[in-house]
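What follows is a single structure, written as structure tokens, with notes after it.
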Amino acid sequence: MNAAPSDDAEPLLRVRGLKVHYPIRRGALLQRTVGHVKAVDGVDLDVPRASTYGLVGESGCGKSTFGRAVLRLTEPTAGSVTVAGTDVLALSPAELRRARVSMQMVFQDPLASLDPRQSVEAALVEPQKVHGMPGGPTAWRKRVTELLERVGLPAAAAAKYPHEFSGGQRQRIGIARALVLGPSLIIADEPVSALDVSVQAQVITLLEELQAELGLTYLVIAHDLAVVRHMSRTVGVMYLGGLVEEAATEELYARPLHPYTRALLSAAPVPDPEVEERRERILLQGDLPSPAAPPPGCRFQTRCPWRQPTRCADEPPPLRELTGGHRVACHYAEEIEAGTLRPAASAVA
Amino acid sequence: MTAATTVTAATAEPGQEQPPGRVSGTGRARASWDRLRRDPAAWVGAAIVTAFVVVAVAAPLIAPYEPAGSQWIRQITPSDVPGPSEEHLLGLDSFGSDLFTQLVYGARQSLVIGVVSTLLGLLAGTVLGVLSGGIGGWVDTAVMRVVDIMLSVPALLLAVSVAAMVGRSSTSVMVAIAVAQVPIFARLLRASLLSQRGQDYVLALRSLGLRERRIVVSHMLPNSLGPLLVQATLVLATAVIEVAALSFLGLGDPDPAVAEWGRMLVKAQERLQNDPQLALWPGVCIAVTALGFTLLGESLRQALDPRARR
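Chains as they are written, first to last, in the UniProt record's numbering: chain A, 1 to 349; chain B, 1 to 310.
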């Protein structure tokens, strides 16, 4: 929206204190709220223009809800979202509809995210029509043809229906649809996890090419560490509704500071048999706690191999910056890195 | 599934030439139609329904005499009704009219009342279903409570009340049957819309900035109509039976010249022992017609269900 992208000074996407709490209601007739599921519980992040931010976490950690809340597909409970200087949460419904031109989403399941009764052309023309894009039907159809070609689909695809395509082709259609209004921000929620590995690489390459060509800003949500590492400039690790660590990609993968990140990275196999043999795995015990009743203090304390008797249980660790842009939410990050704190023996295999 | 394999092959090299014979797109409707064509039950159902509709529409051409004329009342004796003969294919009825003619015209009555009431029920049910499933919130709650109330009144009782209010006529029968159907359609459509609402494509359309109304009317509703179409076909079977039942109770058109299967059953009652054919033929007509709609509806349901794909 702004003419001059002033580098990292003004991030395209700025999120502050975003919370999505779902009320838990009881009672058949007179419903009362007995608690909240804190799906997203206070997330801050910045995504500079034309860069990619990768958000990782296990399923149920709230990363998808976060993506939807940023676009107000789920109404956030609190916080602020700014896209290119526009306060998204302050927009009226009509203003929000207009603002959607600049922020779009790519979904995980490309088949489910397309109306089965709409041909590809109809699906790509409709948003242009709804937003009154200039040029009329002829120009809209021309744009569809151009976009299909750009995402690597034949022109004949326009007349077909979603079920006639393969998974990879459908995701290309999903990407074309996200691009049709000319957005600057694209939130990709697990864009390749539903695809075959061979197709994943093609789709990732396509997303990267489009970013370079059109100056797009991506927020990529994924559980696959390799995908995020490949695509992102910055990576944020989410756990139980909150960000636990954030750093430049190489920094994060080379020097994970948060116990959760270390556990995640230690779980990924290494494509080198000798390194793989020596790889020390940190085993997490138990499951993700219920977001309806997150533990007090550090939200990771119930599964943390480095858990200390003090502070962890009663003091929530803030996301603090350790070294140049490396933020971590752990009281003992320095000690863990230095090796002065050892993990519980049962947790290392 | 040759289509799927060729499409998959094209993935490896995007931009590849399309395989011949697949120039234009084919929707899911085509796939459903193919499944329907291979189902023998669909053929039987369709044949019965077609025959029923043809007979009803072309009744004056098919029937050899005027309906319910009591033209041969003199041949009727307290102990005997003439059976099949040269002039009368199925014999006479207890009032001295041609039984075959009566059956043919009865089809007309069943079709008109059945179809009109089902269309009324479908229309009203769709409106209520869209209101509750499309808008949600308190509108949903309010509409569903109204539907619950409608559901709590038995169709027969309702028909009797309607007839008491507006008098005996085929209109009151139609209204009664339609009202009884509204809750079925409304609930079905609501459930169908709610299941659509959770779909990613609805989220995608919202993220594209479409108005909620447009999403509901042009996307969710068309995707929810399949089950409704099936239900309408199945409900037609029930409607045919209900038309007969309501006429049997004497709630239909008061004009004795109007031939109706249910009323024929009433007339047959007192002579059931000596002349069971008087009840047999209208009974068979009702059963076969209902069976035809049920078979067609069931095979439609299977054809439209993507999980039934083999």
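Just so it is clear, CB atoms sit at the ideal spot from N, CA and C, and this is done for glycine as well. Quick caveat, the model's predicted, so the values are computed rather than measured.
Item                                                                                                                                                           : Value
Which partner residues does A:Gly236 have in the DSSP bridge list?                                                                                             : A:Leu55 and A:Glu246
Kindly list, in the order they appear in chain B, the residues whose Cβ is closer than 8 Å to that of A:Arg311.                                                : Within chain B, no residue comes near A:Arg311; the closest Cβ sits about 41 Å away, beyond 8 Å.
Our contact map puts A:Gln104 next to A:Ala194 with C-beta atoms below 8 Å; I'd like the distance itself, whole angstroms only.                                : Not a contact, Cβ separation roughly 18 Å.
Does B:His88 come out as helix, strand or coil in the three-state DSSP assignment?                                                                             : coil
Is residue 400 of chain A helix, strand or coil when you go by DSSP?                                                                                           : Coverage of chain A is limited to positions 1 through 349, which leaves residue 400 of chain A absent and any answer about it impossible.
Counting only runs of 4+ residues fully inside the segment 186-262 of chain B, write out the alpha helix (DSSP H) ranges in chain order.                       : 200-207 and 221-248
Using a Cβ-Cβ cut-off of 7 Å (strictly less than) and excluding sequence neighbours within five positions of A:Arg14, which residues of its own chain qualify? : Asp46 and Thr82
Does the beta carbon of A:Asp224 sit closer than 9 Å to a beta carbon anywhere in chain B?                                                                     : no
Taking only beta-carbon positions, decide if A:Gly27 is within less than 9 Å of chain B.                                                                       : no
Measuring straight from C-alpha to C-alpha, what distance separates B:Leu123 and A:Ser113?                                                                     : 29 Å
Using a C-beta cutoff of 9 Å, does A:His258 count as contacting chain B?                                                                                       : no
In chain order, which continuous runs of the beta strand (DSSP E) of length 3 or greater are located wholly inside the segment 260-330 of chain A?             : 320-323 and 326-328
Compare the C-beta of A:Ser92 with all C-beta atoms of chain B and state if any pair is closer than 9 Å.                                                       : no
List, in chain order, every chain B residue whose beta-carbon is nearer than 7 Å to that of A:Phe66.                                                           : Here the premise fails: no neighbours, minimum Cβ distance about 15 Å.
Alpha carbon to alpha carbon, what distance is there between B:Gly121 and B:Val179?                                                                            : 6 Å
Can you tell me which residues form a DSSP beta bridge with A:Met105?                                                                                          : A:Ile187
From A:Glu250 to A:Thr234, what distance separates their C-alpha atoms?                                                                                        : 9 Å
What residues of chain A sit near B:Leu203, judged by a beta carbon separation below 7 Å?                                                                      : Leu73
Is it true that the CB of A:Val151 sits closer than 9 Å to the CB of A:Ala176?                                                                                 : yes
Determine the DSSP secondary structure at A:Tyr218, reduced to helix, strand or coil.                                                                          : strand
Could you round the C-beta distance between A:Ala329 and A:His258 to whole angstroms and report it? I think they count as a contact, below 8 Å.                : 7 Å
Using a beta-carbon distance cut-off of less than 7 Å, what residues from the segment 102-114 of chain A approach chain B?                                     : Gln104, Met105, Phe107, Asp109, Ala112, Ser113 and Leu114
One question on the structure: do B:Ile80 and B:Asn274 come within less than 9 Å of each other, judged by their Cβ atoms?                                      : Contrary to the premise, residue 80 of chain B reads as Asp rather than Ile in this sequence. Yes.
Where DSSP assigns a beta bridge to residue 351 of chain A, which residues make up the other side?                                                             : A question about residue 351 of chain A goes unanswered here, because the residues of chain A that appear run from 1 up to 349.
For the segment 188-216 of chain B, which residues have a beta carbon sitting closer than 8 Å to at least one beta carbon of chain A?                          : Gln199, Asp200, Tyr201, Leu203, Ala204, Leu205, Arg206, Ser207, Leu208, Gly209, Leu210, Arg211 and Arg214
Going by the beta-carbon positions, is the gap between A:Gly236 and A:Val203 smaller than 9 Å?                                                                 : no
Return the residues of the segment 115-148 of chain A that lie within a Cβ-Cβ distance of less than 7 Å from chain B, sorted by chain order.                   : Asp115, Pro116, Arg117, Ser119, Pro127, Val130 and His131
Excluding sequence positions up to five away, which residues of its chain have a Cβ less than 8 Å from the Cβ of A:Gly17?                                      : Gly42, Val43, Asp44, Ala78, Gly79 and Ser80
How many angstroms separate the CA atom of A:Leu216 from the CA atom of A:Leu252?                                                                              : 23 Å
Return yes when the Cβ of B:Ile48 is within less than 9 Å of the Cβ of B:Thr289, no when it is not.                                                            : yes
What does the Cβ neighbour count give for A:Glu146, buried or exposed, with the cut at 16 atoms within 10 Å?                                                   : exposed
Counting Cβ pairs closer than 8 Å, one from the segment 239-251 of chain B and one from the segment 146-163 of chain B, do we hit at least three?              : yes
Between A:Leu13 and chain B, is any beta-carbon pair separated by less than 9 Å?                                                                               : no
Quick check on the DSSP output: the beta strand (DSSP E) that includes A:Ser193 runs from which residue to which?                                              : Note, A:Ser193: premise wrong, no beta strand (DSSP E); not H, not E.
Excluding five sequence neighbours on each side, which residues of the same chain lie with their C-beta closer than 6 Å to the C-beta of A:Tyr161?             : Ser119
Which whole-angstrom value describes the C-beta separation of A:Glu270 and A:Gly54, a residue pair presumed to lie in contact below a C-beta threshold of 8 Å? : Per the sequence presented here, residue 270 of chain A reads as Val, with Glu not at that position. The pair is not a contact, with the Cβ atoms about 20 Å apart (cut-off 8 Å).
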